[in-house]
Amino acid sequence: MSFLDIFLSTDLATFRPDDYVGFTFFTGYMAMFAASVFFLFERGRVADEWKLSLLVSALITGIAAVHYYYMRDFYMGTGETPVVLRYIDWTLTVPLMCVEFYLLTKKAGAKIGLLYKLLVASVAMLVLGYIGEAFYAGSSTSWLYGALSGAAYFYIVWLVWKGEVAELAASAGGKVQRAVGHLTKFVVIGWAIYPIGYILGTEGGLFGMDVAEMVGYNGGVDIFYNIADAINKIGFGLVVYALAVSKED
Ligand SMILES: *C/C=C(C)/C=C/C=C(C)/C=C/C1=C(C)CCCC1(C)C
């Protein structure tokens with residue numbers, strides 16, 4: 016196999032100007048890659064107490080970059096949505112986002128039990144979503160798994176917005192509280208894009224709004240997921256970065 020064969024295996028030769036899904040796979044990949052380089056280099060510049068948080072930020076975007084590399088190829092080669100790769104990525108990166116909450120609130124006394132709660136809820140959310148998407152896409156059973164996954168999501172929202180995470184952030188006060196507040200907005204607004212994509216992007220859609228039809232391919236869901244991933248993963252990292260370089264209390 017020559018270099019050219021490998022290069023062309025991504026089917027770049029058929030990359031069309033109206034392929035919006037492909038567009039977001041490529042920009043998503045590059046954005047995650049660049050963000051990882053940025054967080055890794057900047058890590059050396061921040062105070063010691065924030066170095067671990069910045070490393071976790073770099074891991075989140077770095078793990079995503081590698082998966083986007085493969086998801087992009089999978090999509091370009093098959094024209095299908097890369098469900099398996101997508102969920103492998105999320106299974107690694109979403110728990111790491113929970114770790115970010117834990118690291119920030121640890122300064123106000125967060126116990127390891129809080130981390131477990133966040134981890135169990137996020138894994139439940141993803142496993143249930145995976146079952147719905149991988150085995151029941153297009154069938155009414157996908158609603159059941161989507162709803163159960165949504166319940167786990169709401170539990171996470173509650174923990175960070177009103178529950179233990181919010182209470183610890185309030186007792187930490189100052190810039191830590193503000194940073195946790197920003198991360199909470201990502202969870203409440205940014206993460207909500209995923210269930211919306213799950214509902215609208217799959218065959219049949221909801222209320223007759225079939226995004227799959229609109230983008231002309233059976234994986235309209237990837238438009239939502241790719242945009243949401245870039246916002247949430249890079250956004251989380253930038254909030255942590257802003258906290259780490261802040262001169263305020
Ligand atoms: C970096 C990746 C992130 C932050 C992924 C987050 C994913 C979700 C919040 C997914 C949630 C889902 C539901 C709440 C219901 C339908 C199924 C999912 C898995 C799409």
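All letters in the sequence shown, in the order written, are residues 16 to 264 by the numbering used here. All residues carry an ideal CB built from backbone N, CA and C; glycine is no exception.
Around the CB of L27, fewer than 16 other CB atoms lie within 10 Å, so the residue is classed as exposed. At a threshold of 6 Å, D264 does not count as near ligand 1, since its beta carbon sits no closer than that to any of the ligand's heavy atoms.
Remark: the C-beta of V172 is outside contact range of ligand 1, defined as less than 6 Å to any heavy atom. Within the chosen limit of 6 Å, ligand 1 reaches the beta carbon of P210 through at least one heavy atom. V202 and T29 have their C-alpha atoms some 36 Å from each other.
A buried status is given to F116, since no fewer than 16 other beta-carbon atoms sit within 10 Å of its beta-carbon.
DSSP places S261 in the coil class of the three-state scheme, outside both helix and strand.
Per DSSP, the unbroken alpha helix (DSSP H) holding A185 starts and ends at 179 to 187. The alpha-carbon separation between K122 and W65 amounts to approximately 11 Å.
Here the alpha carbon of Y44 sits roughly 26 Å from the alpha carbon of S164. In the same chain as T106, and ignoring 5 residues on each side of it, the C-beta atoms closer than 6 Å to its own belong to L141, in chain order. Between I146 and T108, the gap from beta carbon to beta carbon reaches 7 Å or more.
With a 10 Å radius around the Cβ and a threshold of 16 neighbouring Cβ atoms, A62 comes out exposed. With a contact defined as Cβ atoms closer than 8 Å, L67 and L118 qualify at about 6 Å. Distance from the CA of A125 to the CA of A194, rounded to the nearest whole angstrom, comes to 16 Å.
As the crow flies, the alpha-carbon of A257 is around 10 Å from that of F251.
With fewer than 16 other CB atoms across the displayed protein chains lying within 10 angstroms of its CB, K262 is exposed. Counting the other CB atoms within 10 Å of its CB gives T156 a total below 16, which places it among the exposed residues.
Nearest to Y240 by C-alpha distance, out of P97, L133, E57, D34, is P97. Relative to V180, the option among K132, K248, Y160, Y90 whose CA is nearest is K132. Taking 7 Å as the cut-off, the beta carbon of N247 is found no closer than this to the beta carbon of G189. In the displayed model, K132 falls within a helix according to three-state DSSP. Here G128 is not near Y213, since their CB atoms are 7 Å or more apart.
By the 16-neighbour rule on beta-carbons within 10 angstroms, V52 is exposed. Remark: the C-beta of K121 is outside contact range of ligand 1, defined as less than 6 Å to any heavy atom.
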